[in-house]
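K.L.:
Note that the protein sequences, when read in sequence, are chains D, V and H.
So the first sequence is numbered by the numbering used here: it starts at 1164 and just counts up by one.
So the second sequence is numbered by the numbering used here: it starts at 880 and just counts up by one.
So the third sequence is numbered by the numbering used here: it starts at 13 and just counts up by one.
The beta-carbon is built from N, C-alpha and C at its ideal position, and this holds for glycine as well.
This is the structure I have questions about; it appears just below.
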Amino acid sequence: MAKVLVVAEIKKGNIKSSTTELLSKAKSLGAEAATVAIGADVGALAPELANAGSDTQYILEDAGMAFFSAGPYASAVVDAAKQFEADLIWFGFSESGKAMAPRVAAQLDAACATEITDIDLSGKHVEVIRPAITNKVMQRVKVNTPKLVAVVRAGAFEADTGITGSENVVKLAAPEADLKAVIEELVSEASGEIDLADADVVVSVGRGAKDQAGIDLVRELANDLNAGFGSSRAMVDGGFMAHNKQVGQTGKIVAPTLYIAIGISGAIQHLAGMNGSKVILAVNKDPEAPIFNVADYGIVGDLFEVVPLLREEIAKQKRKR
Amino acid sequence: MNPILMSLLLLVALAIFGRTMYQKIRLLMALEPADRFDNIKKRFKNVVVFAIGQKRLVGRKKERASGLMHALIFWGFCILLIRSVNLYGEGFVSGFQLPLLGEDSILGYVYMALKDIMEAVVLLMVLYALFRRAVQKPKRLHNTWEAYVVLGLIAILMISDLLYDGSRYNLIMLHGNPAQLHYFDNPTYGSEFLWTPITAGAAALVSGMGAEALGVAMVAMFWLHIITQLTFLNILPLGKHFHVITSLPNVFFKNLGYPHQTPKLLDLEDEAAWEDETLGLNHIHQLNWKQGLDLYTCTECGRCKEVCPTYTTDKPLNLYDFNDALKKEMLANADNIIKRAGLVRRIDPNGEANQIEKIKSEMIDLNSSKQLVGDVIALDTLWACTTCRACESVCPVTIEHVPRIIAMRQGQTLMAEAYPKELNPSLKGLERNGNPWGIGYDKRADWADGLNVKKMAEDSDVDYLLWVGCAGSFDDRSKKVSQGLVKILQHAGVNFAILGTEEKCTGDFARRVGNEMLYQMMAEENIATLNGYQVKNIITACPHCLNTLKHEFPPLGGSYNVIHHTEFIHKLIIEGKLHLNKSFDGVLTYHDPCYLGRYHGVYDQPRFILNSLSSQGVHELDRCKQESFCCGAGGGRMWMEETIGKRINQERAEEIVAKDTSHVAVGCPFCLTMIEDGMKDLEKEEEIRTLDIAELVAAHMI
Amino acid sequence: MKILVTAKKVVDVELTMHVQDGAIVQDGMQYVINAWDESAVEAAVQLKESHGAETTLVSVGGGDNSDMIRRCYAMGIEQGIHIEDPALAKADSSIYARVLQKVYEKGDYDLILTGKQAQDTDSGQTGIILAEYLGLPCVSNVVGIDVVDDQHIQVSRSGDSGTEIVSLELPAVVNVDVSINEPRLPQMRGIMMAKKKKIDVMDLAGLGTSADAVNSASPKSEVLEFMPTETRKGGQKFEGDAAEITAKVVELLANEAKAL
């Protein structure tokens, strides 16, 4: 039986969905699953981590771990991996995951695969599927080492709420701080705003909204749905939306369950940022807009007319439940 | 009158004038060379049409009144020049008569009448001119004291001559000619005064004076006239009225054929050019003599400013100031420029390296203390130009504004490495994938999928190459135009092919922004491909490609017959190979693309085509044909942000909207994009459709 | 300050990638500098211009890289090294990292700049693994670099919760993101100068190492085959009365797609 160590993704005290998804997948492959959580205040999350599907929870709770630092965090993961004797170490698709995975792999002399979409443990060697050439093709990769460290693409694995684990906490010793790379400051993104990368639903606004009034109108829709509020490049360039709201090739790549594109034409660079969404709804005045080539549902119409109607209809649906 | 006084005046005046002219010409000769001595016959013809005929003043519907005003003053001057010679003669010998125009011939009398009337006309025109300047105050005019002084001097010339003759008239007719003054009196034709009603009128004004007073007045007016004229002559070279002398030569030396000098093909491998900074226009002394003459000739009329799309939309490109700034800089450095030219002549290419170095460093010391681009011409000014040539087409003295701008941009890009960095993505796209969007070159022919279009690689034995261009290949909106054009060509049974993925951007915009390196690279690659297929005839839907392929490829080894698709469609219709149905429903107008109209001279063929499909014809915009208003994309501006002033395309879109049409036809992918975008900005894109002529023809062909 | 900057030659991602028989079709392929490395090169040149840093470029594998390296020279890089050896045919990130380690050890560098990932592998590992092998501090996804003094730099990293400002003690490894700068277009003067510059091309032996020393025979993973991605297709598009179609779509979203 394979042993999978899932590195928990924790943000503002919450366990992100990737952790549950990875644990579900591990269990579905018939592996033994453990998780490692690192932070200043993560001890209390052990029960939830157990519930998510892990049978052992390696916890490193230390004030010095409040801010992410690749070196010490990676050391902690290696520590847990060694203790657990993990064959597979999985990270969710985050900046910290991407920063830690190669370190962990190097320290364990293991192969490392980033953004895997699938894994096959059935053969003599582990095989993974992952994208390549800026996501234009997929590759099937054979792993030659006994261990594999992988970063999993957002939404690649599905969470199974039926799967649970058991609580079994192992405390990890705090590693040495990395004196040569000291984090001085964290300039947070505006608080109170839903992070696009996390959100289950994302509503994005494009040039069709024209100006602040249009943006405010679409923002209402986002608020109704408790969605992340994103933007195409046009509105960022126009100064209406902040750069960290830009969804696209040079901005954020998102893969929510529902992506609603309002007044966005669908230039290739934007599509690259949201193509992985589960369901896409697009609203645009131009029936020929390229966004309709990828949208599962398309409404051809004036967003100033359609958005209020959408809000009405969505409210109706919610009342039905 | 008084030969000694006359000789003295002439001597002094002509000596001063000669010296001034010598300096002016010497400065021109110290500037870079220019080959403007070809095709003498055509050059003379231009002088007749533009300079003597005053075509751009009288022939222009707008401001025709003031155009006529100037023309009359000019023609008056030409005619009165003969009168002046007569007066100088009179100064030496009383009763001086010119051969052929003496009292024996009818011509002499006719001339008398003509001169008489013209003096009145000129005087009236001067008064009108003063009225315009002082009261009407047209925006384009700069009201300088120089203008008033000159108008005043002309008035004095006319008045003094009329009063001179008027006094003479009175002395002869009323006071029995006590001084035995000579006048025409031929038995057949009568006395000269029968032929000079204006003089008679002037005489009436001073008839109250006594004989002695009249005698004094006559002499006084005579010398006033002579002195004023000689003073006037010497004032001319000092300001904008130098054009009185230089405009005829300036028109004579104007560029033939292609509307202005094509950008200089720079030899980028020439190390000396890098050292001497002669790549592009970096220093005032690098102007050529024709450009120097252009600066002398600027009359400061402001017409260029008025039609300039950037000036109209509040950008800092003011061509009047541009000319003025350059002229001032050139004149301020005149001595140094002349000295420098002298040093250049002293360089012996086979001489000692040390000697050459020494001379070169002396030359550098003579450079202007001001940066040409930066101090003399502001950066924003230089980069605002769309190269539309509206300025050049209205300039009454045929100044070539655009080449200087391109040359300065070349200098900025190559030597100073200072150009708007926002151009980098487009330039990189060109470098890597042969189109400014940087889209993979392998997708260049995707627009033609399913249309059964032959590629040259499959079969190069065709009559025409259809040059699609980057927009027609990659821009979603323009692809429809390419597809429409293909339909037309196939329908008419034309044997053509496209280069497909072998086609690359002609490099037009790279050249317009001064990036000679990229331009030459693109051009050379394309020429190798075209020559490899032995291409002879090219049809293109993009006037910018047309311009580059036709006029700028030849020096690099590529000579082809290139025509615009509207010219070709026109040909097909005339030859009966294509028939159009007048089934177009709507109100149609046409926007003349700058590079099709003002660069290529094609105005009629598009209209012919549109008239063939629209029963209501074409409703012309106010700014049409030669004075069409630029869409704003030329000169590389398509790839730059417009941050200053009003958007040019919006200005044009507003003009179209005001015309109450339902459709506007264009013949250029840039215009198509810009005007359609303008309509979207004004939220009129549903009411007014912007279409290329190819799309209209494809929809209405039988 | 001495900077070692990496540049990998990759396929031009603007082109459409065709997969045939498990491999990428090479016909008509074009190669360019990895965009992330181009940003690293630009960052290195900017440090040269602002702080007088000395810059050396290293490129591993790729065949004839002279065009790419000359272009980097034209941007302002002073020296270039190209390591090419048949033994590297199947190199993975860790093998590249070993080779780069050898290059680093032969010189006296204070800072290693790399692009955070390569456009062909999309891996994002080599720079970090290199730091591990060298035991140097490393920050990835860097969007800003400031020089504090000869021994320290400060970088901005785009992290999960915002921008992290990190102080690094040199020598260090910094992996940059494209958003750090807009790489300059090489200008004519630079291009002319670059034509005459030498490139140091060597194989593993020339580098003073061997295939065994870099483990080139044992890649930790290998690509078995390439497959095309599933292209997303458009679904249902509705035109007509806004109220009607909006109601229809929301109903579908809720019941068919189960997305609400």
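Start and end of the alpha helix (DSSP H) containing V/F971?
P.N.:
943-971
K.L.:
Using CA atoms only, rank isn't needed, just tell me which of V/A1213, V/L889, V/G987, V/A1013 is closest to V/H1104.
P.N.:
Comparing Cα-Cα distances from V/H1104 to each of V/A1213, V/L889, V/G987, V/A1013, the minimum goes to V/L889.
K.L.:
Check this for me: beta carbons of H/Y108 and H/T68, under 9 Å apart or not?
P.N.:
no
K.L.:
List the residues of chain V that H/D24 touches, going by C-beta distances under 8 Å, in chain order.
P.N.:
R1311, N1312, G1319
K.L.:
Any idea which residues DSSP pairs V/F1375 with across the strands?
P.N.:
V/Y1343
K.L.:
DSSP on D/A1165, reduced to helix/strand/coil?
P.N.:
coil
K.L.:
Return the residues of the region 173-184 of chain H that lie within a Cβ-Cβ distance of less than 8 Å from chain D, sorted by chain order.
P.N.:
Going along the region 173-184 of chain H in chain order, one finds S173, G174, T175, E176, I177, V178, S179, L180, E181, A184 with a Cβ nearer than 8 Å to chain D.
K.L.:
Spatial neighbours of V/N1374 within its chain, please: C-beta separation below 8 Å, excluding the five flanking residues on both sides.
P.N.:
Counting only Cβ-Cβ distances below 8 Å, and skipping sequence neighbours, we find V1341, D1342, Y1343.
K.L.:
From D/P1338 to H/A217, what does the alpha carbon distance come to, in whole angstroms?
P.N.:
39 Å
K.L.:
Please list, in chain order, the chain H residues whose beta carbon lies closer than 8 Å to that of D/V1300.
P.N.:
M29, V31, I36, F238, M239, P240, T241
K.L.:
Figure out for me which residue from D/I1454, D/I1346, D/L1466, D/R1482 has the closest Cα to the Cα of D/G1429.
P.N.:
D/I1454
K.L.:
Contact criterion: CB-CB distance below 9 Å. Does H/R196 meet it with respect to chain D?
P.N.:
no
K.L.:
Going by C-alpha distance, which of V/N1233, V/K1218, V/I1106 is nearest V/M1242?
P.N.:
It is V/K1218.
K.L.:
Just the C-alpha distance for V/D1155 and V/L1198, rounded to the nearest angstrom, thanks.
P.N.:
Using only the alpha carbons, I get a separation of about 28 Å.
K.L.:
What do you reckon, are the CB atoms on V/I1077 and V/A999 nearer than 9 Å?
P.N.:
yes
K.L.:
For chain D, find out if any of its Cβ atoms is closer than 9 Å to the Cβ of H/Y108; answer yes or no.
P.N.:
no
K.L.:
Under 8 Å by Cβ, that's how I've got D/T1182 and D/N1331 pegged, so tell me the actual separation to the nearest angstrom.
P.N.:
Contact flag wrong, Cβ pair sits at about 16 Å.
K.L.:
Applying a beta-carbon distance threshold of less than 9 Å, which residues of chain V neighbour H/V44?
P.N.:
Taking a Cβ-Cβ threshold of 9 Å, the residues of chain V close to H/V44 are R1311, in chain order.
K.L.:
Residues of chain V with CB closer than 8 Å to the CB of H/G127, please, in chain order.
P.N.:
Under the 8 Å cutoff, chain V gives no residues; its nearest Cβ is about 17 Å from H/G127.
K.L.:
In this structure, does DSSP put D/C1275 in helix, strand or coil?
P.N.:
strand
K.L.:
What in chain H is Cβ-close to D/P1210, meaning under 9 Å?
P.N.:
Per Cβ cutoff of 9 Å: no residues; D/P1210 is ~24 Å from chain H at best.
K.L.:
Does H/A101 come within less than 9 Å of chain D when only Cβ atoms are used?
P.N.:
no
K.L.:
Name, please, each residue of chain H whose Cβ falls closer than 9 Å to the Cβ of D/I1296.
P.N.:
V22, V23, V25, M29, I36, Q131, D132, T133, D134, F238, listed in chain order.
K.L.:
Could you name the residues of chain V that H/M200 contacts, counting a contact when the two beta carbons are closer than 7 Å?
P.N.:
L1147, L1293, M1396
K.L.:
Drop a sphere of 10 angstroms on the beta-carbon of V/N1229, count the other beta-carbons inside from all chains shown, and report buried for 16 or more, exposed for fewer.
P.N.:
exposed
K.L.:
Are the CB atoms of V/L1032 and V/T1125 nearer to each other than 9 Å?
P.N.:
no
K.L.:
Within the same chain, show all residues whose beta-carbon is closer than 8 Å to that of V/K924, passing over the 5 residues directly before and after it, in chain order.
P.N.:
none
K.L.:
Is it the case that the region 1184-1198 of chain V contacts the region 1142-1160 of chain V, given that we only count it when at least three CB pairs across the two stretches are under 8 Å?
P.N.:
Because the criterion of three Cβ pairs below 8 Å is not met, the region 1142-1160 of chain V and the region 1184-1198 of chain V do not touch.
K.L.:
Counting only Cβ pairs nearer than 9 Å, list the residues of chain H close to V/K1358.
P.N.:
Result: empty, since nearest Cβ-Cβ is about 17 Å, beyond 9 Å.
K.L.:
Relative to the C-alpha of V/F1508, which residue among V/A1083, V/Q1165, V/Q1529, V/T1522 is closest?
P.N.:
V/Q1529
K.L.:
Can you tell me whether DSSP reads H/H164 as helix, strand or coil?
P.N.:
In this structure, H/H164 counts as strand in the three-state DSSP scheme.
K.L.:
How many whole angstroms separate the CB atoms of V/H1370 and V/P1422, which I take to be in contact at a CB cut-off of 8 Å?
P.N.:
Not a contact, Cβ separation roughly 23 Å.
K.L.:
Closer than 6 Å by C-beta to V/K1169: which residues in its own chain qualify, once you throw out the five before and the five after it? Chain order, please.
P.N.:
The residues are A913, R915, F1132.
K.L.:
Apply the 10 Å Cβ neighbour rule to V/D1556 and answer buried if 16 or more other Cβ atoms are within range, or exposed otherwise.
P.N.:
buried
K.L.:
Taking its Cβ as the centre, do 16 or more other Cβ atoms sit within 10 Å of H/D49, making it buried, or is it exposed?
P.N.:
buried
K.L.:
Return the first residue and the last residue of the beta strand (DSSP E) that D/Q1302 is part of.
P.N.:
1300-1306
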